[in-house]
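One structure below.
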Amino acid sequence: MTDLRLGVLGYGLRGSLARTAHRPGAGARVTALADHDPGARAEAAVAFPGALISSDHRKVVEDPDVDAVVVLTPDHTHAQLAREALRVGKPVFVEKPLETSVEACDAILRTAHETGTRLYVGHNMRHMPVVRLMRDIVERGEIGAVKTVWVRHFVGYGGDWYFKDWHAERRYTTGLLLQKAAHDIDVLHWLAGGYTRQVQALGDLMVYGDNPHRREPGEPKTDDWYTKDGHWPPHTQRGLNPVIDVEDVSLVNMRLDNGVLAAYQQCHFTPDYWRDYTVIGDAGRLENFGDGPGGVVKVWNARRSGYRGTADAEYAVPDAQDHGGHGGADPLLVDEFVRFVREGGRTDTSPVAARMAVAAGVRATQSLRDGGTPREVPTLDPELIAYFERGQTR
81 MTDLRLGVLG YGLRGSLART AHRPGAGARV TALADHDPGA RAEAAVAFPG
131 ALISSDHRKV VEDPDVDAVV VLTPDHTHAQ LAREALRVGK PVFVEKPLET
181 SVEACDAILR TAHETGTRLY VGHNMRHMPV VRLMRDIVER GEIGAVKTVW
231 VRHFVGYGGD WYFKDWHAER RYTTGLLLQK AAHDIDVLHW LAGGYTRQVQ
281 ALGDLMVYGD NPHRREPGEP KTDDWYTKDG HWPPHTQRGL NPVIDVEDVS
331 LVNMRLDNGV LAAYQQCHFT PDYWRDYTVI GDAGRLENFG DGPGGVVKVW
381 NARRSGYRGT ADAEYAVPDA QDHGGHGGAD PLLVDEFVRF VREGGRTDTS
431 PVAARMAVAA GVRATQSLRD GGTPREVPTL DPELIAYFER GQTR
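Counting with our numbering, you get residues 81 to 474 for the letters of the sequence shown.
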């Protein structure tokens, strides 16, 4: 089987996904890439020898030597770029979040439906071993029917990853309850078996907003903008984005369409970086301790008691088969996308679920900035839901 020829748009932080997808002779290879940044283009030319490297995305989208397009650009550009590629009949991979507004998400889904071109959204956490393990436990009925889900997201590198570039600005992200939380909201929906219908949120810019050490507009990030062991505590951060107007801590309450109640918390100034999920059913509960290799998921479901550190069942989080990005999820994500482009059919990721994660994040952000007023999450056109649930067949 010949390699699937990939055209990549954007070579920033998620350029790692393009490198993961580049497997000459093993199913896929990058044959064209576009990025506005000359430095990014120079790096791409080294990573993908012989590929067309351009500053114009249209040269990639329209290239006859490109079979499918991978959109890795900033979130607010996804709709324009994805729809252009869909309209010329090229299957599209869109990095999460799908977009930064409900309207833009719906426009992408409608274009995929109207053109019949395959659309895939990169919610890689559905392939993370810890998430698959929790999903399996729920599906086996070990905790009974899910009734409530609680998620705490400790973002230890928040000051590096989200407050030194465009992520820090509302005009590009809407807010981190969308850009960052879209991952977890999607997983929460998957574990609970429903989509958010009502949200209420509170939040604030509590730490990074007071830090005066900002770059000048147009000044590039410093070479040491990210160090694994440095930049702690948060007030020692330097070279922050000139504009910071997104929240660095947030709390969200959700009511899902199947009656499940859920809560999500996100903090960007903690010393540790991991996600803690608690899923409670009518016959037990599960909780993960660590979200990668070496972590465990514990289940309490045999009897009532006081605190018990020893659970009724304990499952080790599996080691990733391929130690690629996101705990080995990125290679599996690429595998699924390549298979979907070639064969079609259903996938574990879902454009509808991606849209619903954005919709919940958008309405939660509006609630947060309106003093915590509850908001309704808009539903999606039933025709689009049916189309994508059929595996994008008419």
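Cβ atoms here follow ideal geometry from the backbone N, Cα and C, with glycine treated the same way.
Own chain residues within Cβ distance below 7 Å of Thr-153, not counting five before or after: Leu-89, Gly-90 and Leu-161
Cβ atoms of Ile-324 and Tyr-288: under 7 Å apart, would you say? yes
Leaving out five residues on either side along the sequence, give the residues of the same chain with a beta carbon under 6 Å from the beta carbon of Thr-191. Counting only Cβ-Cβ distances below 6 Å, and skipping sequence neighbours, we find Arg-163 and Leu-166.
DSSP bridge partner residues for Val-151 (one or two, in chain order): Partner(s): Leu-89 and Val-174.
C-alpha distance - His-315 paired with Gly-255, whole-angstrom precision: The alpha-carbon atoms of His-315 and Gly-255 are separated by roughly 21 Å.
Identify which residue in Thr-276, Leu-189, Phe-369 and Lys-301 has its Cα closest to the Cα of His-158. The candidate whose alpha carbon is nearest that of His-158 is Leu-189.
To the nearest whole angstrom, what separates the beta carbons of His-203 and Leu-464, a pair I think is in contact under 8 Å? Cβ-Cβ separation between His-203 and Leu-464: approximately 17 Å, too far for a contact (criterion under 8 Å).
Report yes or no: do three or more beta-carbon pairs, one from the segment 226-240 and one from the segment 348-364, lie closer than 8 Å? yes
Return the chain-ordered list of same chain residues with a C-beta closer than 7 Å to the C-beta of Leu-448, the five sequence neighbours on each side being excluded. Leu-257, Ala-281, Leu-282, Gly-283, Glu-327 and Ser-330
How would you call Glu-469, buried or exposed, if buried means at least 16 neighbouring beta carbons within 10 angstroms? exposed
Check each candidate in Asp-145, Pro-118, Arg-138 and Gly-119 and name the one with the smallest Cα separation from Ala-131. Comparing alpha-carbon positions, the option among Asp-145, Pro-118, Arg-138 and Gly-119 lying closest to Ala-131 turns out to be Asp-145.
Measure the Cβ-Cβ separation of Ala-108 and Leu-93 and say whether it is below 7 Å. no
Taking all protein chains shown into account, do 16 or more other C-beta atoms lie within 10 angstroms of the C-beta of Glu-179, making it buried, or fewer, making it exposed? buried
For Glu-222, count neighbouring C-beta atoms within 10 Å of its own C-beta (all shown protein chains included) and say buried if the count is 16 or more, exposed if not. buried
Backbone CA spacing between Ala-391 and Leu-271 [nearest angstrom]: Distance between the alpha carbons of Ala-391 and Leu-271 is about 20 Å.
Please work out which residues of its chain come closer than 7 Å, Cβ to Cβ, to Phe-369, disregarding the five sequence neighbours upstream and downstream, and give them in chain order. Counting only Cβ-Cβ distances below 7 Å, and skipping sequence neighbours, we find Gly-375, Val-376 and Lys-378.
Label Arg-251 either buried or exposed according to how many other C-beta atoms from any shown protein chain fall within 10 Å of its C-beta, with 16 as the threshold for buried. Flag for Arg-251 reads exposed.
Tyr-387 classed as buried or exposed, judged by whether at least 16 other C-beta atoms fall within 10 angstroms: exposed
Just list the residues that DSSP pairs Gln-346 with in beta bridges. His-233 and Ser-330
Please state if the CB of Ala-114 and the CB of Val-140 are separated by a distance shorter than 7 Å. yes
Where the alpha helix (DSSP H) containing Tyr-252 begins and where it ends: 250-253
Measure the C-alpha to C-alpha separation of Thr-302 and Lys-308 and round it to an integer number of angstroms. 15 Å
Give the DSSP-derived three-state secondary structure of Ile-133 in the structure shown. strand
Within the continuous alpha helix (DSSP H) that includes Arg-365, where are the two ends? Run containing Arg-365: none in the alpha helix (DSSP H); it sits in the beta strand (DSSP E), 364-369.
Minimum C-alpha distance to Thr-276 - residue among Pro-373, Tyr-344 and Leu-412: The candidate whose alpha carbon is nearest that of Thr-276 is Tyr-344.
Local Cβ density within 10 Å of Asn-321, reported as buried at 16 or more and exposed below that: buried
Output the boundary residues of the alpha helix (DSSP H) element that contains Thr-100. 95-101
Enclosing beta strand (DSSP E) for Val-377 [first to last residue]: 376-380
So who's on the other strand from Glu-456, going by DSSP bridges? Gln-278
I'd like to check one pair, Val-201 with Pro-431: are the Cβ atoms closer than 7 Å? It is a contact, given that the beta carbons lie within the stated cut-off.
So if DSSP puts Asp-284 in a beta bridge, which residue, or which two residues, is it bridged to? Val-329
Are the C-beta of Ala-272 and some C-beta of chain C separated by less than 7 Å? In the structure shown, chain C cannot be found, because there is only a single protein chain.
Gly-361 and Lys-244 - do their beta-carbons sit closer together than 7 Å? Going by C-beta atoms, Lys-244 is not nearer than 7 Å to Gly-361.
Identify which residue in His-207, Leu-268, Gly-169 and Leu-97 has its Cα closest to the Cα of Val-340. Leu-268
Do you know how far the Cα of Arg-198 is from the Cα of His-247? Near 28 Å, if we compare the C-alpha coordinates of Arg-198 and His-247.
The alpha helix (DSSP H) that contains Ile-265, what's its start and end? 261-272
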